[in-house]
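Written below as structure tokens is the structure these notes are about.
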Amino acid sequence: MTSPDVLLLLVLFINIGFSYIFTIVYNTCLGFTRTIPNSIEMLPIAGLMSGFGGMVGGILTAIINPEMSFPLNIRPLMLIAFICYIASYAIAFLNFPDSSIFGYTYDKAYIHSSAYLGIFGSFLLHLAEIVYNSETSALLAKLFPNDIVATFAVFMFCKNCSAAITFTGSNFAGLHTQLLCLTGFLLLGTLSFCYVSKRLHRRRKEMSSGGLPLSWNVRSVEESQSS
């Protein structure tokens, strides 16, 4: 589990842990923003839209061909998740004040705070989470079909460690600071995903042309060549 692919994907695993905690924090910020009329009453609607976003994300992963790719081997599902994440982060940055993560606040945001815009951001955030996690799981299953248990153990360990750090740090860093960090890790994590996915696509083409089963991973190829 120290292959270059896993090391490259560590930043992706960490990003998933960070974003997982933010999906919990997001609706809290909506409720704490007192410049939004009836913000507390809007929380059940935001929770409903969160679930609806997750449902739509699950449907998208079922109906969109995961093997279809855009130029530069960009997978459409990952592109959708990336755009939804960026949009939800932008909504939170502009719609909620920096102090809304700590408790009730009457501070003003960069724009006039809107409950419906915040609810839409919650929908996008959970849609992105489902699609992003599904794409990551699919990539890991293809990378290490013979070591899937160990691979997911590393994935879950990194995800939970970063989630714990984020949960603790959310008590000290303002919302806007956290959003800037989330955006940075999202960019790095998505780039690492695209790079590893491109490497995997190239290896699978080489293995196919060489007559090797596509289910073999890199370690299997190396062992067969050495023997």
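Per the numbering used here, numbering of the sequence shown is gapless, rising by one per residue and ending at 248.
The beta-carbon is built from N, C-alpha and C at its ideal position, and this holds for glycine as well.
A quick note: this is a predicted structure, and the numbers were derived from the prediction, not measured.
Within 10 angstroms of the Cβ of P281, are there 16 or more other Cβ atoms? Answer buried if so, exposed if not.
This structure leaves residue 281 out entirely; the chain is present only between 22 and 248.
Could you round the C-beta distance between L221 and L161 to whole angstroms and report it? I think they count as a contact, below 8 Å.
Contact flag wrong, Cβ pair sits at about 10 Å.
Do the stretch 107–114 and the stretch 137–145 meet, that is, are 3 or more Cβ pairs less than 8 Å apart?
The stretch 107–114 is in contact with the stretch 137–145.
Between the Cα of H133 and the Cα atoms of P58, L29, L28, which residue gives the shortest distance?
For the residues P58, L29, L28, the minimum Cα distance to H133 belongs to P58.
Taking contact to mean at least 3 C-beta pairs separated by less than 8 Å, is the stretch 24–44 in contact with the stretch 200–210?
Judged by Cβ distances under 8 Å, the stretch 24–44 makes contact with the stretch 200–210, as three or more pairs qualify.
Under the assumption that D213 contacts V27 (Cβ atoms under 8 Å), give the Cβ distance between them as a whole number of angstroms.
Per the sequence shown, residue 213 should be read as Ser rather than Asp. Wrong, their Cβ atoms sit about 11 Å apart, outside the cutoff.
Apart from the five residues just before and just after Y127, which ones in its own chain have a Cβ nearer than 7 Å to its Cβ?
If we look at Y127 and ignore the five residues flanking it on each side, its Cβ neighbours are R55, T56.
Could you tell me the boundaries of the alpha helix (DSSP H) in which G38 lies?
25–53 is the span of the alpha helix (DSSP H), which, as asked, contains G38.
What number of angstroms, rounded off, separates the C-alpha of L209 from the C-alpha of E150?
Going by the C-alpha atoms only, they are around 16 Å apart.
Find out if the Cβ-Cβ distance for the pair G78, V152 is shorter than 8 Å.
Yes, they are a contact pair.
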